[in-house]
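Residue numbers (my numbering): 741 to 1114.
Here the structure comes first, spelled out in structure tokens, and everything after it is commentary.
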């Protein structure tokens, strides 16, 4: 196993992967992070600044990617072409076209790729989606995802590049700009150059669950946002709302306020699910009328070793275990490239509509905007 990107989330998934194989190589553009990884995981691994050197290592079979979002697609594609199976953090992409390209490369190379949208591996979320898909709410009418707001911040000072950081390599495929500390590390999420803000950061989790329950792809998107105008400051929308329509008439609303989670509303009831809760009268009714296992509609685990656990850390254990099971069996994992491209495309569409300030129509089969030259 080789790990690329070793700050917080990278160290979390590397620790979980360590239960399934040997960590033999690390890559990170920050020397301090590389040294911390060596202190945490031992002194026998090969350590690289440039991920391409790690991909050249013939002892690496599997790659973990936990870089900022703007690097996900490039490293994933390079890893697949180097013959590696991949666990890549969410969101899968920075743009819709990146997802199309990834899909082609994964199909061409036959690699197993799991995306880190681990809520699919949490029994609580799967049970919520099963209930929706099996009609326990009646006809589904409306879904609401609350992501929480993006922060505002800036202006931030331009600073000298730290000696420990390869700033050119950190920027990678994005436009080159002077070094601002707040562009890096966790706060890269609040710059459209590197991320989609909460819409993709949380949407890759909760919009994924919502769309899994809806079982369709969007056709109309109407996003509205309030954007800061601060030189050298965060530029993602600080307030936002998106209304997304599906062919059956279901409406998905994505909002920046309210309790973070997913609310499914149907003709016969509603349920709410997040990382601590699965609630609603249809949930209570499961005590007397459980879901029939023979009608399992979400994912065929087919005797794969996949324990039923809930909670963030246990669900990441589930998710990583599913990935390694699928690597061995050459099966499709639960958060595969196609499903995650479709989910994050919905997030990207909402952001595009917000930034243009007008509704959009979308052909989900052709993956094209309808009657919109801009």
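By construction, the Cβ of each residue, glycine as well, lies at the ideal position given by its N, Cα and C atoms.
Query: Between the CA atoms of residue 1110 and residue 754 - distance to the nearest angstrom; Result: 42 Å
Query: Which listed residue (876, 850, 968) has its alpha carbon closest to that of residue 1007; Result: 876
Query: Beta-carbon proximity of residue 824 to residue 801, cut-off 8 Å; Result: yes
Query: Length of the line joining the Cα atoms of residue 948 and residue 939; Result: 11 Å
Query: Per-residue burial, residue 946 [other beta carbons within 10 Å of its own, 16 or more giving buried]; Result: buried
Query: Cβ neighbours of residue 910 in the same chain (closer than 6 Å, five flanking residues each side left out); Result: 769
Query: Residue 1090 and residue 961 closer than 8 Å at C-beta; Result: yes
Query: Own chain, CB closer than 7 Å to residue 787, minus 5 neighbours either side, in chain order; Result: 766, 774, 778
Query: Closest residue to residue 1085 among 817, 781, 836 (Cα-Cα distance); Result: 836
Query: Supposed contact pair residue 1012 and residue 760 - C-beta distance, whole angstroms, cut 8 Å; Result: Residue 760 to residue 1012, Cβ: 34 Å. No contact.
Query: Alpha carbon of residue 1044 to alpha carbon of residue 978, nearest angstrom; Result: Note that residue 1044 has pLDDT 45, beneath the 50 cutoff, so the model's placement of it is unreliable and the number below is only indicative. Distance between the alpha carbons of residue 1044 and residue 978 is about 42 Å.
Query: Residue 802, enclosing alpha helix (DSSP H) - first and last residue; Result: Careful: residue 802 lies outside any alpha helix (DSSP H), inside the beta strand (DSSP E) at 802-805.
Query: Contacting residues, own chain, Cβ-Cβ under 6 Å from residue 882 (five flanking each side not counted); Result: 991, 1005
Query: Under the three-state DSSP convention, the category residue 1042 falls into; Result: Residue confidence for residue 1042 is low, a pLDDT of 49 falling below 50, so the modelled location carries little weight; the figure read from the coordinates is stated next. Coil.
Query: Collapsed DSSP secondary structure at residue 899 in the structure displayed; Result: coil
Query: Reduced DSSP secondary structure (H/G/I, E/B, other) of residue 759; Result: coil
Query: Whole-angstrom distance between residue 758 and residue 752, CA atom to CA atom; Result: 10 Å
Query: The stretch 839-851 / the stretch 1070-1079 touching (three or more Cβ pairs under 8 Å); Result: yes
Query: Alpha-carbon spacing of residue 1047 relative to residue 1003, whole angstroms; Result: Reliability fails at residue 1047, whose pLDDT of 47 lies under 50, so the model's placement of it is uncertain and no value is given.
Query: Cβ-Cβ distance between residue 785 and residue 1073 below 8 Å; Result: no
Query: Beta-carbon proximity check, residue 907 vs residue 976, cutoff 8 Å; Result: no
Query: Whole-angstrom distance between residue 807 and residue 1042, CA atom to CA atom; Result: Since pLDDT at residue 1042 reaches only 49, below the 50 mark, its modelled position is unreliable, and the value read off the structure follows with that caveat. Roughly 32 Å separates the two Cα atoms.
Query: Status (buried if at least 16 other CB within 10 Å, exposed otherwise) for residue 793; Result: exposed
Query: Per-residue DSSP class, three states only, for residue 1050; Result: Only weak support exists for where residue 1050 lies, its pLDDT of 43 falling under 50; the value from the coordinates is given anyway. Correct three-state label for residue 1050: coil.
Query: Integer Cβ distance of residue 869 from residue 942, believed to fall under 8 Å; Result: 17 Å between Cβ atoms; not a contact.
Query: Residue 815, DSSP secondary structure in three states; Result: helix
Query: Residue 787: first and last residue of the uninterrupted alpha helix (DSSP H) it sits in; Result: It is not in any alpha helix (DSSP H) - residue 787 instead sits in the beta strand (DSSP E) that spans 786-788.
Query: Separation of residue 972 from residue 897, as counted between CA atoms; Result: 7 Å
Query: Candidates 1108, 1113, 936, 860, of which the one nearest residue 1057 by Cα; Result: 860
Query: Cβ separation of residue 995 and residue 884, assumed to be a contact under 8 Å, to the nearest whole Å; Result: 7 Å
Query: Outcome for residue 747 when other beta-carbon atoms lying within 10 angstroms are tallied against a minimum of 16; Result: buried
Query: CA nearest to the CA of residue 1016, picked from 771, 1000, 1024; Result: 1000
Query: Rounded straight-line distance, which links the Cα of residue 984 to that of residue 827; Result: 29 Å
Query: Where residue 756 falls, given that 16 or more other Cβ within 10 Å makes a residue buried; Result: buried
Query: Residue 997 versus residue 982 - alpha carbon distance; Result: 12 Å
Query: Residue interval of the beta strand (DSSP E) (run including residue 854); Result: 853-855
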